[in-house]
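> The structure follows.
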Amino acid sequence: MDGAMTVVIAPGSPLALDLLGPLDAPLLANALAMAAPCGPTLRRHTATHHTLQLTCRPGERPAGRPGLAGRLADLLTDPAAA
Numbered sequence: 279m280d281g282a283m284t285v286v287i288a289p290g291s292p293l294a295l296d297l298l299g300p301l302d303a304p305l306l307a308n309a310l311a312m313a314a315p316c317g318p319t320l321r322r323h324t325a326t327h328h329t330l331q332l333t334c335r336p337g338e339r340p341a342g343r344p345g346l347a348g349r350l351a352d353l354l355t356d357p358a359a360a
């Protein structure tokens, strides 16, 4: 990855993560796969600003994955920590 990624988690419903920095395609693919049960939508604002929105309906949040937003943030900012 050429630069640092910062992730800002916006609380509320639907849950949204602002991704600031260059996207790493393999990490993004892993993050989207992890979030798949919550219907992730990625919106591009600029080349280095994206929003990942998760639209989990009640009861749809993957069991055993509390803190999904935090885990996604960890994966995108520090793949070794995920």
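For what it's worth, the numbering used here labels the leading residue of the sequence shown as 279, then goes sequentially. Every residue gets a Cβ at the ideal spot worked out from N, C-alpha and C, and that includes glycine.
(1) Beta-carbon within less than 8 Å of residue 347's beta-carbon, same chain only, minus the 5 sequence neighbours each way: which residues are those?
(2) Closer than 8 Å by C-beta to residue 342: which residues in its own chain qualify, once you throw out the five before and the five after it? Chain order, please.
(3) From residue 316 to residue 298, what distance separates their C-alpha atoms?
(4) Would DSSP call residue 332 helix, strand or coil?
(5) From 313, 324, 319 and 335, pick the residue whose C-alpha is nearest to that of residue 353; which is it?
So, from the listed chains and residues:
(1) 287, 293, 295 and 332
(2) In this predicted model, residue 342 has a pLDDT of only 44, less than 50, meaning its place in the structure is not dependable; the value taken from the coordinates is given anyway. Once the five neighbours on either side are set aside, residue 342 has no close Cβ partner at all.
(3) 21 Å
(4) strand
(5) 313
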